[in-house]
Structures are given as C-alpha cells and as structure tokens.
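Quick note: the sequence shown, position 42, residue 42 per full-length UniProt numbering, numbers continuous.
All remarks here apply to the structure that follows.
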Amino acid sequence: MCQFNFPEAYARIQEATGCRTQTELAAYLGIRQSSISDAKRRGSIPADWLLILLRRKGFNPDWLISGQGARFLIPCGCAANASADSSQHA
1 MCQFNFPEAY
11 ARIQEATGCR
21 TQTELAAYLG
31 IRQSSISDAK
41 RRGSIPADWL
51 LILLRRKGFN
61 PDWLISGQGA
71 RFLIPCGCAA
81 NASADSSQHA
C-alpha cells in the first residue's frame, strides 16, 4: 500500500459507509464503539474493517487506505452476493 494518512483514510471510510459518528460506524462494522476509539488512538485501520467493507460493498482496501486506485474492486451490486456465496460454501 502507498503512504498512509489515518485521518484521510478514516474520512474515506466514513464517506463510503455514510456513517458520520463513531457509534454509527461501529454499528455498521458490527464492532464496539471503543474499537473505533482504539483505532483512532493508534492511528491504524484494522484489516478486519477493510475486509468487511470489501465483502459488503466491494470497496478497494487500497483506495480506502491511500485514496489511490479504483474505488471498487467488485461491482457494487455483486459484493453482497459474493459474500453470501462464500459463506454458503464455508
């Protein structure tokens, strides 16, 4: 991945999810609000968040982190179907 700027990456995640608060983002990601606070304090985006956003909406983890590359890796409508298909085969 390219250079990492936590505030910019966090802003892209908020934009991508439509979440304006830590509480909203925590609910969207299915995690505790304190996990958001911990990530902000450390200045790092957990890989699990990126995986959730890729599986749910097809967001490119590189774009979320760096702002570079395609915004989506999976066409938007296909991400949920791909996630459902992979969970059925697990």
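In this text, a Cβ means the ideal position worked out from N, Cα and C, and glycines have one as well.
For residue 67 against residue 8, the beta-carbon gap comes to about 6 Å, under 8 Å, which counts as contact. In this structure, DSSP gives residue 6 a helical state, which the three-state scheme calls helix.
If only uninterrupted alpha helix (DSSP H) runs of at least 4 residues are considered, those enclosed by the UniProt domain "Bacteriophage CI repressor N-terminal" (11–70) are 22–29, 33–42, 47–57 and 61–66. Less than 7 Å separates the beta-carbon of residue 36 from that of residue 26. Between residue 56 and residue 63, the C-beta gap is not smaller than 7 Å, which leaves the two residues out of contact.
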